[in-house]
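Student:
Numbering (the working numbering), first residue to last: 21 to 140.
1) For residue 78, tell me which candidate among 139, 114, 27 and 72 has the shortest Cα-Cα distance.
2) Among all the DSSP beta bridges, which residues are the ones paired with residue 96?
3) Take the Cβ of residue 111 as the centre, count every other Cβ of all protein chains shown within 10 Å, and call the residue buried at 16 or more, exposed below.
4) Between 24, 100 and 137, which lies nearest to residue 74 when the distance is taken from Cα to Cα?
5) By the three-class DSSP mapping on this structure, what secondary structure does residue 128 have?
6) Over what stretch of residues does the alpha helix (DSSP H) that includes residue 85 continue unbroken?
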């Protein structure tokens, strides 16, 4: 089975899915960079169009990055460097897990619409 790690390219994701990959794994930002999810709109499109699981990989540096990926509707995140290089690896792993859980719950709950003005 093929689990391709790809740039966050919706066209490439569709083509890979069409040839039988079992998932697509778009990067959030350069691998190991900890820069967070810099490809939000591309990942959003991939998630909306995909019929296979979407695993956001690369660039996740803190739990809020993992939460954002899950809020977008990702099926999972793949995290290494953020945990491996943390001052307290066990604590960071726990925090990432909690971020994933919070992000997934937020996605399932559904966010309110964004508005340009205040609404009482």
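Each residue gets a CB set at the ideal place from its N, CA and C atoms; glycine is no exception.
All of these numbers come straight from a predicted model, not from anything done at the bench.
Tutor: So, to answer that:
1) 27
2) 75
3) exposed
4) Checking every option, the nearest Cα to that of residue 74 belongs to 24.
5) Reduced to three states, the DSSP call for residue 128 is helix.
6) Counting along the chain, the alpha helix (DSSP H) containing residue 85 begins and ends at 83-91.
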